[in-house]
Amino acid sequence: MSNSQQQQAEMIRRTDAVEAVAIERGLIVPSHLDQFTHKVEEEWTQSTGAAIVARAWVDPAFKQRLLANGIAGITEMGASMPKHHRHLVVLENTATLHNVICCTLCSCTAFSIIGMPPDWYKELEYRARVVRESRTVLREMGLDLGEQMEIRVWDTTADTRYMVLPYRPAHTEGMSEAALAALVTKEAMIGTQRLEPAVQYGPAHA
Amino acid sequence: MDGIHDLGGKQGFGKVRFSPAPAGTAIYHHAWELKANALSGALVAAGVFNMDEYRHAIERMEPRHYLTASYYERVLTACATLCVEKGVMTREELERAAGGPIPLALPAAPGRGNRPEQAFAIGERVTVRNEYVPGHHRLPGYIRGRTGTVVGVSPPYPFPDSAAHALEEEWEPTFDVRFNTADLWPEASENATVTVGVFRSYLSKAG
């Protein structure tokens, strides 16, 4: 076996051991994995956040309610957050302002709304660098904001969760809410992507 | 504690290993990762440990182990550590079940209680107390002693410095405090603001 295969085998043994003893002690039920898998695959997906973003784009009164009280806003849309996520702040991107979220101390996100965080969000590089050199980090990740765009980084250090409300691209005028939701990515709700053409915000933009 | 987990602003790291992922891309690369994540949720739901204890157990991993472990290895290590520390299983039976060693995090130092209630208003300038605590806290080192502006306030949360150590605590709000990067890393950062959710006990009015 290669080193990596050995490592995986080792982690399987350790994880199975904790699970087996926890079930034997009656701390958790054997179906815990199926329940969690269902949540991750069916409930905690980015489509929840995408639907909220699309609604905010087409319904200004909803957007105001969402910005004023994130949890009340998502509840209107039938979404929810785990008990320990007690507050949701929605950060609106504009043509001249860009928000991006991170968690330098661990890897917190509003996962029940925007989906489980991607690998890179949990990696040391993003956590260490994005607070200090956001413009460079975003450019390296394919989002060149130029020098004029105001950048606000949000570090998720407490039980408040943040999500970015992406700026609605101009060319989407007249599209249906469902078609709009299909444009919204997890990266756009984290803030490492914008949805309008780069020429409208990037270095070429006067 | 000023642990290895407190990464914000640390230099020397390379590029973020990023590739654009289509919707529905698998978050878990191995079945054990999903299981480790499920276990952490189930054990919190069962009341074996709380979220603050869980985060602190990850932070208490031996630094070399922390840095080389994958995210889900850290998750699993915290679960195993807390199950043993809480006395719901022994290390020996875990290692017997695993057929080999299970590295655990190092023991915790003492936690602390809240400060007396203080009020801060939106728009007010506040300074992060220059405090060093041995136990758990949710204060990134890069804002310690720095001054910023309150831009938001949360409902009350369990106070991590107490909750991670099974101490009686009062819940308290956090304040979203906005800092200029130039005040955090003078002449050594890119122009932006960083907003951090800061527990009330960590703050004082700017002098």
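If you read the protein sequences in the order shown, they are chains A and B.
According to the working numbering, the residues represented by the first sequence are 75 to 280, in order.
According to the working numbering, the residues represented by the second sequence are 3 to 209, in order.
Just so it is clear, CB atoms sit at the ideal spot from N, CA and C, and this is done for glycine as well.
A quick note: this is a predicted structure, and the numbers were derived from the prediction, not measured.
{"Asked": "Between which two residues does the beta strand (DSSP E) containing residue 171/A stretch?", "Found": "171-176"}
{"Asked": "Would you verify that the beta carbon of residue 76/A is, or is not, closer than 8 angstroms to some beta carbon of chain B?", "Found": "no"}
{"Asked": "So if DSSP puts residue 225/A in a beta bridge, which residue, or which two residues, is it bridged to?", "Found": "172/A"}
{"Asked": "Are three or more beta carbon pairs between the stretch 56-74 of chain B and the stretch 116-123 of chain A nearer than 8 angstroms?", "Found": "no"}
{"Asked": "Using a Cβ-Cβ cut-off of 6 angstroms (strictly less than) and excluding sequence neighbours within five positions of residue 262/A, which residues of its own chain qualify?", "Found": "240 and 269"}
{"Asked": "Taking buried to mean at least 16 other C-beta atoms within 10 Å of its own C-beta, is residue 4/B buried or exposed?", "Found": "exposed"}
{"Asked": "Which whole runs of the alpha helix (DSSP H) in the stretch 79-132 of chain B are 4 residues long or more, in chain order?", "Found": "93-100"}
{"Asked": "Tell me the DSSP secondary structure of residue 220/A in three-state form.", "Found": "coil"}
{"Asked": "May I have the straight-line CA-CA distance separating residue 146/A from residue 165/B, to the nearest angstrom?", "Found": "27 angstroms"}
{"Asked": "Among residues of its own chain, excluding the 5 on either side of residue 140/A, which ones have a beta-carbon nearer than 6 angstroms to its beta-carbon?", "Found": "130, 147 and 164"}
{"Asked": "Just to confirm before moving on: does the CB-CB distance between residue 184/A and residue 201/B stay below 8 angstroms?", "Found": "no"}
{"Asked": "Does residue 249/A come out as helix, strand or coil in the three-state DSSP assignment?", "Found": "coil"}
{"Asked": "Helix or strand or just coil, what does DSSP make of residue 16/B?", "Found": "coil"}
{"Asked": "Am I right that residue 106/B and residue 86/B are in contact with their C-beta atoms under 8 angstroms? What's the rounded C-beta distance?", "Found": "6 angstroms"}
{"Asked": "Looking at chain A, which residues of the stretch 133-150 of chain B have a Cβ within less than 8 angstroms of any of its Cβ atoms?", "Found": "140, 141, 142 and 144"}
{"Asked": "Nearest to residue 133/A by alpha carbon, out of 250/A, 220/A, 153/A and 112/A?", "Found": "250/A"}
{"Asked": "Taking 8 angstroms as the threshold (C-beta atoms), are residue 163/B and residue 139/B in contact?", "Found": "yes"}
{"Asked": "Expressed to the nearest angstrom, what Euclidean distance is found between the alpha-carbon atoms of residue 171/A and residue 89/B?", "Found": "50 angstroms"}
{"Asked": "Applying a beta-carbon distance threshold of less than 9 angstroms, which residues of chain B neighbour residue 192/A?", "Found": "20, 23, 27 and 29"}
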